[in-house]
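See below for the structure under consideration.
There are 2 protein chains.
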Amino acid sequence: MATMKDVARLAGVSIATVSSTLSGRNFVSPELKERVLAAIEELGYAPNAMASGLKRGTSSLIGLVVPDITNPFFTELVHHIQSRALENGFNVILGVSDNDAVREAELLRHMRTQQAAGSIVIPCGGEEDCRRLGQNGSGMPLVAADSAPLGMKLDTVVLDNRKAAGIATAHILSHGHERIAILVGPSHRFVSHERFLGFQAALEQRGVAFSESLAKRGNFQVDAAREAVLALLASRPRPTAIFVSNNLMMIGLLQAVAQAGLSVPKDISVVSIDDFPWATGVTPGLTTVRQPVKAIAISAFDCLAARIAGDEGEPRRIVLDPELVVRQSCAAPA
Amino acid sequence: MATMKDVARLAGVSIATVSSTLSGRNFVSPELKERVLAAIEELGYAPNAMASGLKRGTSSLIGLVVPDITNPFFTELVHHIQSRALENGFNVILGVSDNDAVREAELLRHMRTQQAAGSIVIPCGGEEDCRRLGQNGSGMPLVAADSAPLGMKLDTVVLDNRKAAGIATAHILSHGHERIAILVGPSHRFVSHERFLGFQAALEQRGVAFSESLAKRGNFQVDAAREAVLALLASRPRPTAIFVSNNLMMIGLLQAVAQAGLSVPKDISVVSIDDFPWATGVTPGLTTVRQPVKAIAISAFDCLAARIAGDEGEPRRIVLDPELVVRQSCAAPA
DNA sequence: TTCGCTTGACGAAACGTTTAGCTAAACGTT
DNA sequence: AACGTTTAGCTAAACGTTTCGTCAAGCGAA
Chain B
78 MATMKDVARL AGVSIATVSS TLSGRNFVSP ELKERVLAAI EELGYAPNAM
128 ASGLKRGTSS LIGLVVPDIT NPFFTELVHH IQSRALENGF NVILGVSDND
178 AVREAELLRH MRTQQAAGSI VIPCGGEEDC RRLGQNGSGM PLVAADSAPL
228 GMKLDTVVLD NRKAAGIATA HILSHGHERI AILVGPSHRF VSHERFLGFQ
278 AALEQRGVAF SESLAKRGNF QVDAAREAVL ALLASRPRPT AIFVSNNLMM
328 IGLLQAVAQA GLSVPKDISV VSIDDFPWAT GVTPGLTTVR QPVKAIAISA
378 FDCLAARIAG DEGEPRRIVL DPELVVRQSC AAPA
Chain R
78 MATMKDVARL AGVSIATVSS TLSGRNFVSP ELKERVLAAI EELGYAPNAM
128 ASGLKRGTSS LIGLVVPDIT NPFFTELVHH IQSRALENGF NVILGVSDND
178 AVREAELLRH MRTQQAAGSI VIPCGGEEDC RRLGQNGSGM PLVAADSAPL
228 GMKLDTVVLD NRKAAGIATA HILSHGHERI AILVGPSHRF VSHERFLGFQ
278 AALEQRGVAF SESLAKRGNF QVDAAREAVL ALLASRPRPT AIFVSNNLMM
328 IGLLQAVAQA GLSVPKDISV VSIDDFPWAT GVTPGLTTVR QPVKAIAISA
378 FDCLAARIAG DEGEPRRIVL DPELVVRQSC AAPA
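Residue numbers (my numbering), protein chains in the order written: chain B, 78 to 411; chain R, 78 to 411.
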């Protein structure tokens with residue numbers, strides 16, 4: 078592999094001149110510049126980011142740690158963060174924590190070892206684990222996105238979860254439903270709690286009673302949601318609508334409804350949080366609350382970039398607004 | 078950020094001893110080992126992969142370049158490659174080429190600059206672009222997965238695309254269909270071509286005529302597929318079944334069928350290549366040909382790992398078998 | 001005691017960059 | 001002509017590791 082030394086020798090200049098040519102930090106005469114570029118071309122020289130990073134004490138890598146890349150919401154987030162990073166000259170090291178806080182911490186150590194200039198994490202743990210993230214003494218800037226509780230000593234970028242649940246619930250209520258069930262995520266997660274509160278608040282505002290028996294607390298995954306919905310569908314009186322607080326649980330719901338031989342929205346109305354890329358491919362189209370995924374991604378990256386550039390201000394919290402996407406899965410009760 | 082020097086000073090040993098303790102390459106007495114570990118703990122020392130990589134002339138990074146991370150098939154591939162890599166002590170730099178061969182090449186240059194020990198690429202281009210990948214003179218080992226044409230001078234890991242199309246088509250034929258349409262991907266892509274050939278061969282074997290008017294050539298994307306299917310559904314005599322040669326086109330198909338007020342499989346049967354994580358969430362369940370995603374991922378990584386370890390053998394081609402997953406989207410014609 | 005041998009630990013030289021500091025040539029002033 | 005000033009380009013010292021060769025101490029054998 079050719080090095081600067083080789084380029085310098087071939088071009089008949091010093092390595093400092095090669096370096097200056099490449100970085101543009103010092104003036105190099107057009108004549109030498111040309112010779113250097115020709116030598117680079119001829120040797121197929123590519124700079125060595127490790128050497129340069131070592132010397133400069135930083136890298137153009139950022140870490141990105143997500144709980145589960147197959148969840149389309151996270152996939153899209155990764156996608157947007159990656160492309161924003163690329164536009165800004167950064168490469169992304171991807172880590173999948175698999176919803177395991179221990180692995181998450183381990184991956185962040187990896188990022189630090191790789192000298193990542195900073196990292197973005199979508200915390201998978203409960204509030205306790207998140208608090209530990211906040212005490213990241215590593216010196217590597219860290220930004221938490223999506224499921225960051227209040228009070229982390231970090232920049233955080235989150236959805237207004239209460240509002241998201243609120244507009245979903247309000248939409249259901251506006252069709253005249255009164256027995257509305259909810260699928261809640263894992264109780265130790267901040268996101269679940271917020272969405273649950275938003276749901277309750279919306280009911281209360283409309284004067285509709287909340288019944289604990291209609292609240293199913295699961296784990297944000299497909300299977301648990303299916304079982305929960307089967308139980309709901311078997312109960313009497315059956316709820317006429319279900320608010321589903323994330324996308325994976327929506328899949329479980331669809332499975333359960335099909336299995337019970339019922340149909341949406343004739344027998345039961347549903348609205349969920351998290352839009353799907355394929356929400357338009359199913360019949361009926363699913364009414365969902367869309368997160369501003371791209372805006373979350375960009376805000377998170379830009380926060381991180383600011384920290385990398387040396388911003389030392391107080392931790393910021395950016396809260397973004399959801400948007401209701403009305404399709405056909407919510408209708409008036411039978 | 079603490080360095081080995083700091084650790085050495087605090088432990089009262091040389092940096093060589095610290096290095097030996099960490100790498101285990103030389104024997105260190107238990108006593109010193111303990112002092113070193115204590116110092117590491119106290120200082121919160123983390124090794125600097127750039128320095129070590131620079132010295133050793135290699136890194137524990139691998140590049141992974143995919144055309145489009147939001148396609149669930151690629152998402153899953155990324156997921157499995159990432160976890161296999163992690164198990165083997167590698168971190169993954171993710172690059173999304175966005176189906177652009179220029180960007181793909183650029184990303185591979187990035188990987189090289191970052192001193193990736195090797196890269197896995199899912200080529201997005203046609204045969205011409207792929208051939209260029211084969212002449213990668215960079216010295217960085219490269220493995221192509223999923224859509225690699227024959228004759229690349231690279232290790233390749235691919236699905237048996239002809240067989241995949243064959244078993245899908247045979248399944249359709251076994252229900253008695255005779256007017257079978259096909260949605261083909263972009264014609265310059267090897268994968269499309271192979272799947273098309275598999276389709277034709279299966280028809281021929283059963284003595285069913287192939288009609289060019291029932292072959293719709295698209296771009297593997299949702300929108301084009303929807304339009305193509307709308308045209309097919311409007312044609313008379315209408316085809317009774319459609320073979321869809323990838324997952325995104327399947328979404329387009331579902332949209333078109335809903336838009337035309339028809340239903341699967343009553344009015345039209347469908348079978349597609351690429352299973353979806355949510356294929357079970359739609360009604361009716363989609364009959365698909367599943368790619369052995371995990372096996373592809375593992376093979377690709379293991380090939381790369383062998384090259385990184387110094388394997389200098391001839392380029393290998395690993396061909397893996399598809400599997401038919403029967404659900405409810407294919408029935409007898411009306 | 002002396003000699004070689006083993007062994008745990010160390011010193012110092014790389015790895016490929018960046019960059020501070022220097023040199024010498026070229027120029028404009030007086 | 002002598003002087004300072006500018007400037008293109010160079011030299012060499014880092015950056016934090018790994019690793020080769022060295023060294024001193026401890027040991028058994030002669």
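Even for Gly, the Cβ is constructed at its ideal location relative to N, Cα and C.
Remember, it's a predicted structure, so these values are computed and weren't measured experimentally.
Assumed close pair residue i, residue j - CB separation to whole angstroms, cut-off 8 Å
i: R:H254; j: R:A318; result: 4 Å
i: R:L339; j: R:L310; result: 6 Å
i: R:L330; j: R:V306; result: 5 Å
i: R:V113; j: R:V95; result: 5 Å
i: R:L120; j: R:A79; result: 4 Å
i: B:P226; j: B:R384; result: So it is not a contact: roughly 20 Å between Cβ atoms.
i: R:I170; j: B:N168; result: 5 Å
Where residue i falls, given that 16 or more other Cβ within 10 Å makes a residue buried
i: R:A356; result: buried
i: B:D351; result: buried
i: R:F267; result: buried
i: B:E271; result: buried
i: B:A386; result: exposed
i: B:E400; result: exposed
i: B:D223; result: buried
i: R:F104; result: exposed
i: B:S160; result: buried
i: R:E111; result: exposed
i: R:S288; result: exposed
i: R:Q282; result: exposed
Beta-carbon neighbours of residue i, restricted to chain R and to distances below 7 Å
i: B:V84; result: Here the premise fails: no neighbours, minimum Cβ distance about 15 Å.
i: B:E153; result: T147
i: B:N103; result: By Cβ distance, chain R contributes nothing, its closest Cβ being about 21 Å from B:N103, past 7 Å.
i: B:H156; result: I146, T147 and V173
Between the CA atoms of residue j and residue i - distance to the nearest angstrom
i: R:G390; j: R:I375; result: 19 Å
i: B:V220; j: B:T190; result: 18 Å
i: B:A116; j: B:C380; result: 39 Å
i: R:H157; j: B:P124; result: 30 Å
i: B:E118; j: R:F297; result: 37 Å
i: R:H265; j: B:D300; result: 41 Å
i: R:R294; j: R:L260; result: 6 Å
i: B:F276; j: B:I249; result: 11 Å
i: B:C407; j: B:H252; result: 8 Å
i: R:L154; j: R:L87; result: 45 Å
i: R:M326; j: B:I345; result: 29 Å
i: B:T152; j: R:V90; result: 47 Å
i: B:D83; j: B:P107; result: 20 Å
i: R:K230; j: R:R209; result: 9 Å
i: R:P316; j: R:T365; result: 19 Å
i: B:G140; j: R:A335; result: 42 Å
i: B:K134; j: B:D388; result: A quick correction: the sequence has Gly, not Lys, at residue 134 of chain B. The alpha-carbon atoms of B:G134 and B:D388 are separated by roughly 17 Å.
Contact set between residue i and chain B, taken where Cβ atoms lie within less than 7 Å
i: R:T80; result: Here the premise fails: no neighbours, minimum Cβ distance about 11 Å.
i: R:T98; result: Result: empty, since nearest Cβ-Cβ is about 16 Å, beyond 7 Å.
i: R:T357; result: Q332
i: R:Q159; result: L171 and V173
i: R:G130; result: M127
i: R:P354; result: T147
i: R:N176; result: Near R:N176 there are no residues of chain B at all, since even the closest Cβ is about 13 Å away, more than 7 Å.
Contacts of residue i in chain B (Cβ-Cβ under 8 Å)
i: R:S136; result: M127
i: R:G121; result: G214 and S215
i: R:N238; result: Here the premise fails: no neighbours, minimum Cβ distance about 23 Å.
Closer than 8 Å at the beta carbon, the chain R residues around residue i
i: B:P124; result: T190
Beta-carbon neighbours of residue i, restricted to chain B and to distances below 9 Å
i: R:N323; result: Going along chain B, no residue has its Cβ under 9 Å from R:N323, so there is no contact; the nearest lies around 13 Å.
i: R:N165; result: None at all; the shortest Cβ gap to chain B is about 13 Å.
Practice task
Compile a chain-ordered list of the residues in the region 327–345 of chain R whose CB is closer than 7 Å to at least one CB of chain B.
Solution key: Flagged, chain order: I328, L331, Q332 and A335.
Practice task
Can you give me, in chain order, the residues of the region 359–389 of chain R that have a beta carbon less than 7 Å from any beta carbon in chain B?
Solution key: Hits within the stretch, in order: V359 and T360.
Practice task
Closer than 7 Å, Cβ to Cβ, to anything on chain B: give me those residues from the region 179–201 of chain R, in chain order.
Solution key: Across the region 179–201 of chain R, CB contacts with chain B closer than 7 Å involve R186, H187, R189, T190, Q191 and Q192, in sequence order along the chain.
Problem - Contact set between the region 291–302 of chain B and chain R, restricted to residues whose Cβ is under 7 Å from the partner - result: Result list empty, no residue passes.
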